[in-house]
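Peer 1:
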Amino acid sequence: MGMQIGFALFNGLTVGMSIFLVAAGITLVFGMLKILNIAHGSFFMIGAYVAYSIIGSHPDSTLQLVFAAILSGFVLAGLGLLLNASVFQRLRNIGEAYSLIATFALLMICNGATKIIWGVNYHSVSAPDALAGAVIYGSFFAPSYSLFIIGLGVLTFLALEIVVHRSSVGKIVRAIAHDSWMANLVGINTSRIYALVVMAAFFCVGMAGGLLLPNQSLTPLLFESYLLQSFMVVIIGGLGNIRGAFIGAIMLGLIEGANFLMLPGIPGILVYVILIGFLLWRPQGLFPQPGADTADRVEGMAETEGVPATMPPKSLSGGIVAAVLVVGVLASMPFWANAGFLFIVGFAMVEAVLALSWNLLFGYAGLTTFGHAAFFALGAYFVGFLLRQDTGIPFLALLSGSLALGALVAFIVGFVAIRRTSGIALGILTLSLGEILRRAISYSPALGSDDGLSGIPRPQIDLGPVLVDLSSERAYFWFLLAACSLVALALWSFTVGPMGRVLIALRQDPVRAEFLGIDVRRYRLLAFVISGAVAALAGALQAPWAQIVTPEAASYLHSTQPMLNTLLGGSGFFWGPIVGSAIFSGISYATRTLAGLSEVVSGGILLVVVLAAPGGVLGLGSRFSRTWRIGALHKRPAVDELARVGKQAVGGP
Amino acid sequence: MIECSNIYKSYGAIPVLKGISLTVAERETFTIIGPNGAGKTTLFKVLTGEVPANAGVVTFNGENITRLSASARVHRGFGRTFQVARILPCNSVLENLIIALEARARRTERGSLLQLRPSDRTWDDAAEIAGRISLLNKVDIPARFLSHGDRKRLELGVTLALKPKILMMDEPTAGMSPGDRNATIDMIVRVKDEDRLTIMLTEHDMDVVAHLSDRIMVMNYGEAIAVGTLSDIRDNAAVRDIYLGEEIGDA
Amino acid sequence: MLEVSGLNAFYGDSHILHGVDLTVGSSDRVSILGRNGSGKTTLMKSILNAGPRIHGGIRLDGTDLARETSFRRARLGLSLVPEDRRIFPHLTVTDNLLIALAAAGDRAGLDLERVLDTFPMLGPLAARYGSQLSGGQQQMVAVARGVMPRPRCLLLDEPTEGLAPVIVRQLAASVVRLCDEFKIGLLLSEQNIWFARFCTQHVHIIENGRIVFSGSWDEFESRPDVKHRYLAV
Ligand SMILES: Nc1ncnc2c1ncn2[C@@H]1O[C@H](COP(=O)(O)OP(=O)(O)OP(=O)(O)O)[C@@H](O)[C@H]1O
Ligand SMILES: Nc1ncnc2c1ncn2[C@@H]1O[C@H](COP(=O)(O)OP(=O)(O)OP(=O)(O)O)[C@@H](O)[C@H]1O
Ligand SMILES: [Mg+2]
Ligand SMILES: [Mg+2]
């Protein structure tokens, strides 16, 4: 037994070091420059493939492996330089959230490109002979390759530690990260530093790809293997802190080891549970930035991105016409659209509702959650499970039940989480909850495990005198349309009413809001509850449409969907998420036949849209009208004139 | 009206307030002055509930409010402006005022859930306040485009919209041009009269201090070293030494 | 040394500065006065290419700066102390000062000890982080950071805001002393007329983005109408 524990610990250590090697780059970029790079895992994967192309399946010597890793580091650094000039540089003036969508586009492009260049087959690489054996010490034996990884991890750590924490470089980067405007004015070439940091990060990740090659099978799914762990490590360590990341990585590795010993049935779940505990205990990480206690908001630093409208427009007629038009076209679809397309449109409507609910948190309450799909899955499984049981519960009651369930869970989660965390810690916390749910479902036979629940029947609605049968595709589509429109309308009136104004206030400046007498925590919780309820409802509506729900509904990839839709359409607009969902679905429908290319194409389109329209598609539209409006303001008539015009002058959207 | 006794506060190992006690009477204007870093802003933060004190008691109209949150204190009649004006940058001047008015109305009256637009009364009130703070000509400019002085005025307007009983202002005229400063002094005197306010403020401009204050407290290194009327303070040698220096001409 | 000619500045479509002309000779000290919103800050930011869109000429020692980025301008010897201070919160006071040496380039910057001596308030705060300072303390750090690289021309945007009266007078003396000793030109935007007069020889008044008065302080004194009309004193 002792032997076994020792071995698990050692294994954990190796895993931890591997995580650290991958996460080192993310710590630099994400922690220091606040670019939320989701594509990191994909760059790791490309690094691995590049190294594989250099050495093939059987590296002759350790030296060759190291050489290939370094070479691949340089290749990736070059790629980083390229991307910095073409993408990251533009993202800098846009705001953190939008970097998310751009890097997601990069993720799609990278993954697609990988499939095209290297194919989808498995490859495996053996460790060079010198590392294939093991070092034996008494009754304990350690694989040489593991020792090699541990050694390299420590080496990388020391190198970065010196550069980041012991030299002036770290201070300069910290200054830039917090206030690049001022950093420029004290004579720092911020663009160059940015480029160097990005290159360093890409070098690290490329090298990690090469070094870890012998550890895993090489497939286009490799990008996922360290992605979440890397983010966790950054958060555990404290943003941008190499030492923290190092300790965090070891912790993660050891927890994985413990999980293996204690809960072999559900691999990987312990990490999330412990992570949640950690975040609640120490949301700022092991080593918070020095001076960060009061500096999360610099006094007087204005937010530059737009916020959604806080008032209903003066005249509703334009909006009503547009809404009737859209709903009308959608309603006519079953008559002319083919079944596949109709199916996609139905999905898009549900995703739009999910995205609306996410933006209630993000765009209105200023809370970023990365695990919204969990609520969706909750609703979907609730309804799917009960419909299959044929319990005779009326469908509308099921929908209300899912709303209540979503609200209840959101209340419990929000009550604890909002009290303790905010910002990125909240994001990772919700992400972890989502992953726990996904894993819990996929190991529950009652819920169909990995295969999910299939063959969910479409219900009937008993309205007393009339019985509405929704079993046909067409009928359920109309029902879906009606339900989604109603939800959207309800949310809209919520956001342009007094509650919306409260949320907008606390998003922009929680301290000011508190001193307006707004109980910030309570209203955040309210937004959280409403958002969770609506997300669960979206799931509940979708289950009978798709007639199948799988654990993927709760996965982090599904959680990114509402974020992408929202940001693509424009988070500063109530209708942004809907526009985004439409465009996104359109792109994926149009490119669905392009097999390997499809990811590259849709990623590329996404990227172009984001770079051309920061602030979302709707933001692009309003930019023109806004410049016009502000221009007009300065040509304003005299004061007394305005006073006379009084309140008519100041209504409007 | 507001009273605190033996307030201690430290940030980590740095002691900032060392046993401050004070009493402010109803409808009094009480000014706190002191060198930079004396702890004035920190004292404000403790009194308004933005940060908790390590020790000491704050009472407001006889009620112990030491443990109340900032928003709960606002409900009891606190209004607060900041050293660097805090306004909602993306909303227009008028929207800033409306949000404040609604925040207050929500506590005092039941509105209809279906009424999405602010009521006519709210619009009128907002326009009226905009007039009082002379921002009527800028009502639909997003607040982030306002110049420094205008921001401070807007913040005062937003605070007045809450109809506070006590107004706590941290350097209300910092960064204002002399003309605006005089206008602000007049405005504060006027609203104090109209709204029957008690006022606490910190200020570095002795002109403003002289015009507004009934009583003055001088702080240094987290301790109160003198309390009294303007002439008491002017005659106090220690205060001259650490804060005033010789009087500055016409500044 | 610093010559601004026909400067127009815009935020979006709104035209803020209208043909501003201004010179600051080497070791000359010049103030700009004006109401809130008249364009002082915009002028300072324009000179460093740090915000508004600009048309017009800006030269430093005869070099045209039109194509230079902000950090290049900083390295060429322009140093801005912004009105909102912009202290780096995650760095200590010492590091806040040292980081400004990036702008010193091949000129030698000032000695840290020297600067800490000149601003006695900062000595005991040297190890604090930027986020742990009071408003006035931040202001002092900002000014000290501005002189660190020993600029050719220092641009101070309302440095006395939030400073105690005693400190204002210390600061005035320190600024004059540093500028004299290190031959630093000064462009000062102020609301505190006493401070402006103490520190500078020339005064410009700006109103709605136009210079409406330029002259020496004596000339300024002899024009109470100007004082009254543009500064309301
Ligand atoms: N978050 C913090 N952490 C540590 N020390 C702090 C923090 N905030 C303020 N201080 C210190 O507490 C002391 C009092 O600060 P405070 O802001 O109350 O001063 P003040 O009297 O308002 O000064 P000023 O007139 O410059 O605004 C200062 O010495 C400051 O350095
Ligand atoms: N980012 C911006 N976008 C649009 N307009 C702006 C912006 N910043 C400033 N302005 C406008 O430009 C004008 C000049 O502002 P500026 O900040 O230069 O004034 P100032 O003279 O420095 O005033 P203060 O004494 O209050 O600091 C003001 O009318 C202001 O509303
Ligand atoms: Mg203060
Ligand atoms: Mg200014």
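Residue numbers (this note's numbering), protein chains in the order written: chain V, 1 to 653; chain E, 1 to 251; chain G, 1 to 233.
For every residue, glycine included, the Cβ atom is placed at its ideal position computed from N, Cα and C.
Please read all numbers here as calculations on a predicted model, not as lab measurements.
#1: Three-state secondary structure (DSSP) at Asn-359(V)?
#2: Nearest by alpha-carbon distance to Phe-20(V): which of Ser-61(V), Ile-247(V), Gly-112(V) is it?
#3: Is the Cβ of Met-201(E) closer than 9 Å to any Cβ of chain G?
#4: Check the C-beta distance from Ser-230(V) over to Val-15(V) and give it rounded, since I have them as a contact under 8 Å.
#5: With a threshold of 9 Å between beta-carbons, can Ser-422(V) be considered close to chain E, or not?
#6: Counting Cβ pairs, one atom from each stretch, are 3 or more of them under 8 Å apart for the stretch 27 to 40 of chain E and the stretch 236 to 246 of chain E?
#7: With 16 as the cutoff for other CB atoms within 10 Å, does Asp-179(V) come out buried or exposed?
#8: Closer than 8 Å to a non-hydrogen atom of ligand 3 - does that hold for the CB of Pro-170(E)?
#9: Report the CB separation of Gly-572(V) from Gly-500(V) in whole angstroms; it is logged as a contact under 8 Å.
#10: Using CA coordinates, which residue listed in Ala-143(E), Leu-88(E), Ala-103(E) is at the minimum distance from Lys-163(E)?
#11: Would you kindly work out how many angstroms separate the C-alpha atoms of Leu-227(V) and Leu-100(V), rounded to a whole number?
#12: Closest Cβ-Cβ distance between Glu-50(E) and chain G: below 9 Å?
#13: With distances taken between CB atoms, is the gap from Gln-191(G) to Met-200(E) smaller than 9 Å?
#14: Does the contact criterion of 3 or more C-beta pairs under 8 Å hold for the stretch 187 to 207 of chain V versus the stretch 67 to 76 of chain G?
#15: At least one CB of chain E closer than 9 Å to the CB of Met-311(V): is that the case?
#16: Assuming Thr-23(G) is part of the beta strand (DSSP E), what are its boundary residues?
#17: Taking the alpha helix (DSSP H) that Asn-8(G) belongs to, which residues open and close that run?
#18: What residues sit near ligand 4, counting only those whose C-beta is closer than 7 Å to one of its heavy atoms, in chain order?
#19: Check whether chain E comes within 9 Å of Pro-288(V), counting only Cβ atoms and requiring the distance to be less than that.
#20: When you compare the CB positions of Arg-497(V) and Pro-308(V), do they come within less than 9 Å of one another, or not?
#21: Measure from the C-beta of Pro-118(E) to each C-beta in chain V and report whether the shortest distance is under 9 Å.
#22: Measure how close the beta-carbons of Val-169(V) and Val-163(V) come, nearest whole angstrom, since I'm counting them as under 8 Å.
#23: Does Val-166(G) come within less than 9 Å of chain E when only Cβ atoms are used?
#24: At what residue ranges does the stretch 157 to 214 of chain G contain a whole run of the beta strand (DSSP E), taking only runs of 3 or more?
#25: Using CA coordinates, which residue listed in Leu-43(G), Gly-123(G), Ile-184(G) is at the minimum distance from Leu-110(G)?
#26: Counting only C-beta atoms, is Ala-295(V) closer than 9 Å to chain G at any point?
#27: Applying a beta-carbon distance threshold of less than 9 Å, which residues of chain G neighbour His-148(E)?
#28: With a cut-off of 8 Å on the beta carbons, I'd call Asp-205(E) and Thr-184(E) a contact; round off their distance for me.
#29: Return the chain-ordered list of same chain residues with a C-beta closer than 7 Å to the C-beta of Phe-202(V), the five sequence neighbours on each side being excluded.
#30: Show which residues of chain G have a CB atom less than 9 Å away from the CB atom of Thr-41(E).
#31: Can you tell which of Ala-159(V), Leu-158(V), Leu-367(V) has its C-alpha closest to the C-alpha of Tyr-523(V)?
#32: Spell out the partners DSSP gives Phe-477(V) in its beta bridges.
#33: To the nearest angstrom, report how far apart Gln-132(G) and Val-16(E) are at their CA atoms.
#34: Report the option in Leu-503(V), Val-409(V), Met-232(V) whose CA atom is closest to the CA atom of Gly-379(V).
#35: Along the stretch 63 to 92 of chain V, what residues have a CB closer than 9 Å to any CB found in chain G?
#36: Name, please, each residue of chain V whose Cβ falls closer than 7 Å to the Cβ of Ala-100(E).
Peer 2: According to the structure data:
#1: helix
#2: Ile-247(V)
#3: In the sequence as presented, Met is not what sits at residue 201(E); that position holds Leu. Not an interface residue.
#4: 13 Å between Cβ atoms; not a contact.
#5: no
#6: At 8 Å Cβ cutoff, the stretches touch.
#7: buried
#8: The sequence given here places Asp at residue 170(E); Pro does not occur at that position. Asp-170(E): yes, Cβ under 8 Å from ligand 3.
#9: At roughly 13 Å, the Cβ-Cβ gap does not stay under 8 Å, so Gly-572(V) and Gly-500(V) are not in contact.
#10: Ala-103(E)
#11: 14 Å
#12: no
#13: no
#14: Judged by Cβ distances under 8 Å, the stretch 187 to 207 of chain V makes contact with the stretch 67 to 76 of chain G, as three or more pairs qualify.
#15: yes
#16: 14 to 24
#17: Element bounds for Asn-8(G): not the alpha helix (DSSP H) but the beta strand (DSSP E), 2 to 11.
#18: Ser-147(E), His-148(E), Lys-40(G), Thr-41(G), Glu-83(G), Asp-157(G), Glu-158(G), Ser-189(G)
#19: no
#20: Strictly speaking, residue 497(V) in this sequence is Gly, with Arg absent from that position. The answer is no: Cβ separation not under 9 Å.
#21: yes
#22: 6 Å
#23: yes
#24: 185 to 190, 202 to 207
#25: Ile-184(G)
#26: The pLDDT assigned to Ala-295(V) is 37, lower than 50, so where the model puts this residue is not dependable, and the model offers no usable value.
#27: Asn-36, Gly-37, Thr-41, Glu-83, Asp-84, Glu-158, Glu-161
#28: 10 Å between Cβ atoms; not a contact.
#29: Gly-25, Phe-43, Leu-76, Ala-77, Leu-79, Gly-80
#30: Ser-134, Gly-135
#31: Leu-367(V)
#32: Beta-bridge pairing by DSSP links Phe-477(V) to no other residue.
#33: 11 Å
#34: Val-409(V)
#35: From the stretch 63 to 92 of chain V, no residue has a Cβ closer than 9 Å to chain G.
#36: Leu-516
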